[in-house]
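What follows is a short report on a single structure.
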C-alpha cells in the first residue's frame, strides 16, 4: 500500500517545499516572459499606433489561416470537430474513472487543449461571420495582402498625406486594408496556444519515451482512453498549428515558455 496522503506529515517536509519552490520560480519566470515578450502590457498602445512590431499580435491572426488558398471556414470546421472529439473523450474518461483522473498532469493538459479548441472555435466563428472586408465580403487572408493587391503605399517624409490622393493612388477597384491589433482576449488566446504546445509535447514525450517503455504488462495495460489521452490532443494541435497564423509567435516567443 502507498503512503497515506491525508496527513500533514506527508506534505510538511523539505522535499515538498523544494518542489513547491521550484514550481513557484517557474511560474514567476513564465509570467515575466509573458509580460515582457508577448507585448501583453502594451496591447493598448499597439492598438493606437497600428504599426508592425515583433511580438505584436493582430486580431485576424487568431482566426485566419497561414495559407492563402485555404479559407478560414476550414479552420473553423477543424477547430469545432477537434473540440467536440476532445470534449467527448474527456467526458468518457471522467465517467469511466471518476474525477480522480485530475490528480494527473496529463488530464489537465488534455483539458487545457480542449479549452483551447473551444476558445479557438469562438474566434473562428467571429472571424468568419463578422470580420468581412469591404470588397464583396471576403476575409483578409494574409499580412501581406496589401502588397499583393498593389495597395501598399510607401511611407513618405511628409507626415500629412492627403486622404483623397491616397484613395486615388489605390485605384477605383482597390480597397485599403487596415489590420487591427489584438485585444486582451487575443493575447490570452495566443498564450493558451503556446502553453498547450509545450505541455502536450512534454506529457506525450514523457509518457511514450520514458514511462511506458519501462512498464510491464502485469503492472500497466493500455486501453483506448489512455492511448487517446496521450496522442489525439497532440495530433489535433499539430493540425491547428499547421493551419493557423500564430506559428511564428510560438517559434520566437513560445520557446522560453516551453523551457519554463
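Numbering (my numbering), first residue to last: 1 to 260. Quick reminder that beta carbons are idealized off the backbone N, C-alpha and C, glycines included.
Between the CA atoms of residue 68 and residue 124 - distance to the nearest angstrom: 16 Å
Separation of residue 200 from residue 109, as counted between CA atoms: 7 Å
Close Cβ partners of residue 85 (< 6 Å) along its chain, the five nearest in sequence each way excluded: none
Helix, strand or coil at residue 65 [DSSP, three-state]: strand
Test item: CB-CB of residue 121 and residue 83 under 8 Å: yes
CA-to-CA distance, residue 81 to residue 188, given in whole angstroms: 22 Å
Residue 260 in three-state terms, based on DSSP: Unreliable placement is indicated for residue 260, whose pLDDT of 45 sits below 50; the coordinate value is still reported in the next sentence. Three-state DSSP puts residue 260 in coil, outside helix and strand.
Whole-angstrom distance between residue 58 and residue 208, CA atom to CA atom: 37 Å
Residue 93 (DSSP reduced to helix, strand or coil): helix
Whole-angstrom distance between residue 243 and residue 71, CA atom to CA atom: 10 Å
Sub-8 Å separation of residue 196 and residue 225 beta-carbons: no
Whole-angstrom distance between residue 129 and residue 93, CA atom to CA atom: 34 Å
Alpha helix (DSSP H) segment containing residue 114, residue limits: 105 to 130
Residue 24 to residue 99 span [Cα, whole Å]: 26 Å
Environment of residue 11 [buried if 16+ CB atoms lie within 10 Å]: exposed
According to DSSP, residues forming a beta bridge with residue 30: Looking at the DSSP assignment, residue 30 forms no beta bridge with any residue, so it has no partner.
Through-space distance from residue 180 to residue 102, alpha-carbon basis: 39 Å
CB-CB length for residue 229 against residue 114, believed under 8 Å: With a Cβ gap of about 11 Å, residue 229 and residue 114 do not count as contacting.
Spatially closest choice to residue 186 from 9, 61, 33 and 204, by CA coordinates: 61
CB of residue 65 within 8 Å of CB of residue 205, strictly: no
Beta-bridge pairing of residue 58 - partner residues as DSSP gives them: 181
beta-carbon residue 246 near the ligand SAH non-hydrogen atom, thresh 7 Å: With respect to the ligand SAH, the structure shown offers nothing to examine, as it has no ligands at all.
For residue 13, three-class secondary structure by DSSP: coil
CB of residue 63 within 8 Å of CB of residue 116, strictly: no
C-beta contact flag for residue 119 and residue 192 at 8 Å: yes
For residue 233, the nearest candidate out of 112, 183 and 9 (CA to CA): 112
Distance CB(residue 240)-CB(residue 79) smaller than 8 Å: yes
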